[in-house]
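Trainee:
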Amino acid sequence: MLGTTILLAIREIRRHMLRSFLTTLGIVIGVAAVVTMVQLGNGATAAVQQNISSLGANVLQVRPGQGFGRGGGGAQPANFREEDVEAIASQIAGVRAVAPQTSASVTAVQNASNWQTTLTGTTADYFTVQQWSLQSGRVWTSAEETAGKAVCVIGETVADNLFPGSDPIGGSLRLNNVTCDVIGLLVSKGQGGFQDQDDTVIAPIRMVQRRFTGNREVSSIAVAIDERYDADAVQASMSELLRERRHIEPGEDQDFNILDTAQISEALTSTTTILTMVMAAVAGVSLLVGGIGIMNIMLVSVTERTREIGIRLAIGAVGKEVLTQFLVEAIVLACIGGFLGLLLALVLTAAGATLVQVPFMFDVQINLLAFGFSAAIGVIFGYFPARRAAALNPIDALRHE
Amino acid sequence: MAEPLIALKAVTKTFGSGQTAFQALKGVDLEIEEGDFVAIMGPSGSGKSTTMNILGCLDVPTSGEFLFKNLHVEQLDRDQRALLRRRYLGFVFQGFNLLARTSALENVELPLLYRGEAKSARHKAALDALDKVGLADWWDHTPAELSGGQQQRVAIARAIVTGPAVLLADEPTGNLDSERSVEIMELLTALNRDSGITVLMVTHEPEMADYARTIVHFRDGLIDRINGEASSSALAGAG
Numbered sequence: 001m002l003g004t005t006i007l008l009a010i011r012e013i014r015r016h017m018l019r020s021f022l023t024t025l026g027i028v029i030g031v032a033a034v035v036t037m038v039q040l041g042n043g044a045t046a047a048v049q050q051n052i053s054s055l056g057a058n059v060l061q062v063r064p065g066q067g068f069g070r071g072g073g074g075a076q077p078a079n080f081r082e083e084d085v086e087a088i089a090s091q092i093a094g095v096r097a098v099a100p101q102t103s104a105s106v107t108a109v110q111n112a113s114n115w116q117t118t119l120t121g122t123t124a125d126y127f128t129v130q131q132w133s134l135q136s137g138r139v140w141t142s143a144e145e146t147a148g149k150a151v152c153v154i155g156e157t158v159a160d161n162l163f164p165g166s167d168p169i170g171g172s173l174r175l176n177n178v179t180c181d182v183i184g185l186l187v188s189k190g191q192g193g194f195q196d197q198d199d200t201v202i203a204p205i206r207m208v209q210r211r212f213t214g215n216r217e218v219s220s221i222a223v224a225i226d227e228r229y230d231a232d233a234v235q236a237s238m239s240e241l242l243r244e245r246r247h248i249e250p251g252e253d254q255d256f257n258i259l260d261t262a263q264i265s266e267a268l269t270s271t272t273t274i275l276t277m278v279m280a281a282v283a284g285v286s287l288l289v290g291g292i293g294i295m296n297i298m299l300v301s302v303t304e305r306t307r308e309i310g311i312r313l314a315i316g317a318v319g320k321e322v323l324t325q326f327l328v329e330a331i332v333l334a335c336i337g338g339f340l341g342l343l344l345a346l347v348l349t350a351a352g353a354t355l356v357q358v359p360f361m362f363d364v365q366i367n368l369l370a371f372g373f374s375a376a377i378g379v380i381f382g383y384f385p386a387r388r389a390a391a392l393n394p395i396d397a398l399r400h401e
Numbered sequence: 402m403a404e405p406l407i408a409l410k411a412v413t414k415t416f417g418s419g420q421t422a423f424q425a426l427k428g429v430d431l432e433i434e435e436g437d438f439v440a441i442m443g444p445s446g447s448g449k450s451t452t453m454n455i456l457g458c459l460d461v462p463t464s465g466e467f468l469f470k471n472l473h474v475e476q477l478d479r480d481q482r483a484l485l486r487r488r489y490l491g492f493v494f495q496g497f498n499l500l501a502r503t504s505a506l507e508n509v510e511l512p513l514l515y516r517g518e519a520k521s522a523r524h525k526a527a528l529d530a531l532d533k534v535g536l537a538d539w540w541d542h543t544p545a546e547l548s549g550g551q552q553q554r555v556a557i558a559r560a561i562v563t564g565p566a567v568l569l570a571d572e573p574t575g576n577l578d579s580e581r582s583v584e585i586m587e588l589l590t591a592l593n594r595d596s597g598i599t600v601l602m603v604t605h606e607p608e609m610a611d612y613a614r615t616i617v618h619f620r621d622g623l624i625d626r627i628n629g630e631a632s633s634s635a636l637a638g639a640g
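Chains as they are written, first to last, in this note's numbering: chain Z, 1 to 401; chain A, 402 to 640.
(1) Round the Cβ separation of F326 (chain Z) and V302 (chain Z) to the nearest angstrom and send it over; I've been treating them as touching at under 8 Å.
(2) Roughly how many whole angstroms lie between the Cα atoms of Q39 (chain Z) and D363 (chain Z)?
(3) Taking Cβ-Cβ distances below 8 Å as the criterion, which residues of the stretch 309-333 of chain Z are in contact with chain A?
(4) Please report the straight-line C-alpha distance between S450 (chain A) and L344 (chain Z), rounded to a whole angstrom.
(5) Quick one, which of A:A408, A:N454, A:I407, A:V439 has its alpha-carbon nearest R399 (chain Z)'s?
(6) From S550 (chain A) to S582 (chain A), what does the alpha carbon distance come to, in whole angstroms?
(7) So with Cβ pairs under 8 Å, would you call S418 (chain A) a contact of chain Z?
(8) Using a cut-off of 8 Å between C-beta atoms, extract the partners of A631 (chain A) located in chain Z.
(9) Keeping to the same chain, check which residues put their C-beta closer than 6 Å to that of I202 (chain Z); ignore five residues upstream and five downstream.
(10) Under 8 Å between beta-carbons, which chain Z residues line up against L500 (chain A)? List them in chain order, please.
(11) Excluding the five sequence neighbours on either side, which residues of its own chain have a C-beta within less than 6 Å of the C-beta of S113 (chain Z), listed in chain order?
(12) Residues in its own chain within less than 8 Å of Q101 (chain Z) by CB, not counting five upstream and five downstream?
(13) In chain order, what are the residue ranges of uninterrupted beta strand (DSSP E) at least 3 long that sit wholly in the stretch 476-515 of chain A?
(14) On the criterion of 16 or more Cβ atoms from any shown chain inside 10 Å, does R138 (chain Z) qualify as buried, or is it exposed?
(15) Could one say the Cβ of L398 (chain Z) lies closer than 8 Å to chain A's Cβ atoms, at least one of them?
(16) Buried or exposed: which applies to V282 (chain Z), given that a residue is buried once 16 or more other Cβ atoms fall within 10 Å of its Cβ?
(17) So for L398 (chain Z), helix, strand or coil by DSSP?
(18) Identify whether A635 (chain A) lies in helix, strand or coil by the three-state DSSP scheme.
(19) Taking the C-alpha atoms as reference points, what is the distance between T563 (chain A) and V379 (chain Z)?
(20) By alpha-carbon positions, which one of Z:S133, Z:Q110, Z:L8 ends up nearest to T503 (chain A)?
(21) For a test of the three-state rule: what should DSSP assign to N593 (chain A), helix, strand or coil?
(22) First and last residue of the alpha helix (DSSP H) that includes E12 (chain Z)?
(23) For Q130 (chain Z), write down the residues that DSSP places opposite it in a beta bridge.
(24) For the beta strand (DSSP E) that H605 (chain A) lies in, which residues bound it at each end?
(25) Could you check what DSSP says for E404 (chain A) in three-state terms: helix, strand or coil?
(26) Looking at chain Z, is there any beta carbon in it that lies within less than 8 Å of the beta carbon of A483 (chain A)?
(27) Starting from the beta carbon of R646 (chain A), find every residue of chain Z whose beta carbon is closer than 9 Å, and list them in chain order.
(28) Anything in chain Z within Cβ reach of F494 (chain A), meaning under 9 Å, just list it in chain order.
(29) Here's the rule: buried if 16 or more other CB atoms are within 10 angstroms of the residue's CB, otherwise exposed. What is M277 (chain Z)?
(30) I'd like to know whether the C-beta atoms of S239 (chain Z) and I258 (chain Z) end up nearer to each other than 8 Å.
(31) Could you give the first and the last residue of the continuous beta strand (DSSP E) run that contains E329 (chain Z)?
(32) Going by CA-CA distance only, name the one from Z:S136, Z:N296, Z:S142, Z:L134 that's closest to A124 (chain Z).
(33) Taking just the CA atoms, how far does T117 (chain Z) sit from I52 (chain Z)?
(34) Let me see if you follow: with CB-CB separation under 8 Å, is R402 (chain Z) close to chain A or not?
(35) Which full runs of the beta strand (DSSP E) of 3+ residues lie inside the stretch 181-208 of chain Z, going along the chain?
(36) Could you tell me which uninterrupted beta strand (DSSP E) segments, each at least 3 residues in length, are contained entirely in the stretch 239-296 of chain Z, listed from first to last along the chain?
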């Protein structure tokens, strides 16, 4: 009997294609909105986490300025000096490795091709701290570092653009007129949230300072902490040391900041999770509105089909069968809407992920949940019109114009 | 004499209550034999439609008894009456009442769906019924593509597809011209004669009533006369 009822429902839906489509539109949009929001939110969370973890685990980033970025107006806070780096390395307990960094924007040229990229000057420790490994070649030696030799390690994006189809190791490229030997190629880290992490050239800091920035300053310091030490304690003593070295009076705001990657990761993850929840809730309201839309149309449909219901009752349908028919119609409509919504969500998530550059994440759970919810909406909002149809008096229904 | 198929005993029907109450039937006694062809006539408001609704198990009497195959229909609930209709009755209406945008075949199949018949059996029975009314070649046409006479014949096919004991026709020729009306009446006569279906028909037109074997005249909620003879209930009502 249920098979027959479903058949009848599908026949009825096919008979009114446009109306059925408009009825389900609310559910389609609701389901698509909820699923897209959650999936994009998950993608954003993943992007944030990936971005943070690419900075390295148990790593403190020390930068001039306050808070995130370089701070607002006022004088640009001074960069660090090489002595600061040495002081951190030698005076703070629990520091495993320290990597000073200074960077410059450069045009890399090889034969006829050129490529705009970022040059980072640092020490060999940088590769350990930032968890970079090489797919081929080697890192510079300490002798090369001290001598400031013109050697560099390049990321995959740079290699692909300047050495298409050939091995970059042993080759050379010109960075703003400085010829540099390529000695190593990094393993790809891929898209790190909002930027391409493989679009980089890394060289000994002494060389970069001498040939590019023209000073002996360090623009940021990455500090890897020994796991056996408390990150907060290390951070506190480092802060104290730097305040002293930069002559900041007690009570005065410090002009540098120390970021703990674990803390940032936690904070940003919880922020994106909350945002995702809020957006999903808003989208959930539209799903509810879609359900009311179904009820609306089903009620109209019951009135419009009063005579048909009368015929069915007259030829021997019992109330329960009419109720089941209308209920199944509502559920089938809602399920079709839910399914179309999932397809739409798939397209929207893929498009949205490309647009805002977050990874595409298909969430099975939210898809099942949204589909189940749309079916439930069919039951809840279909029941009232169906009961009304089943309760009709066949004589009155047959007389209905 | 065998038990009648249908018996109404002192049936009354009152609509509304209190001051606005209207008594449509005032004590109707009627017996219908199996295989009869009965025409019910009478002016508007005489109670013939109310009687027809009760005979069709669509409505219940306010008082009195309605026996169908010795079953007290007045004691059955809504769903039990629906099952009775499904099993024994076929309906033909003045306005055809076919499902719009639905092929003749699907319309005729409808009662079989509620009987839970398998698809192939449904198809065969529906095509047989369409063949009986002479529309086998029109099975895939929707009502909008059929003439009034053809629509009524599809409706008759739908009514007989289940092999009912009784066919109830409420002014079946009311929306048709005289030529189509004659066709429909001949079809009903043939079904009554060949398949032995008891036919109950409400009509306004004496020439349609002439096809029937028994003609029941209603007046003011009572049976006035049957085949020209004054009814006992009418006498009782008059007295």
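Just so it is clear, CB atoms sit at the ideal spot from N, CA and C, and this is done for glycine as well.
Mentor: On the basis of the data shown:
(1) 7 Å
(2) 6 Å
(3) G310, I311, R312, L313, A314, I315, G316, A317, V318, G319, K320, E321
(4) 55 Å
(5) A:N454
(6) It is worth fixing the name first, because residue 550 (chain A) is Gly in this sequence and not Ser. Those two C-alpha atoms are separated by around 8 Å.
(7) no
(8) Here the premise fails: no neighbours, minimum Cβ distance about 30 Å.
(9) T120, V153
(10) E308, I311
(11) L162
(12) T120, G121, T122, Y126, I205, V218, S219, S220, I221, A222
(13) 490-493
(14) exposed
(15) yes
(16) exposed
(17) helix
(18) Because the pLDDT of A635 (chain A) is 49, which lies under 50, any placement of that residue in the model is unreliable, and the question is left without a value.
(19) 33 Å
(20) Z:L8
(21) helix
(22) 2-15
(23) Answer is none; Q130 (chain Z) lacks a bridge partner.
(24) Here H605 (chain A) belongs to no beta strand (DSSP E), and DSSP marks it neither H nor E.
(25) coil
(26) yes
(27) Outside the modelled stretch of chain A, which goes from 402 to 640, sits residue 646 (chain A), for which no answer is possible.
(28) I311, A314, L398
(29) exposed
(30) yes
(31) No beta strand (DSSP E) holds E329 (chain Z); the alpha helix (DSSP H) holding it covers 319-356.
(32) Z:S142
(33) 21 Å
(34) What is shown of chain Z runs 1 to 401, which leaves residue 402 (chain Z) out entirely.
(35) 200-204
(36) 256-260
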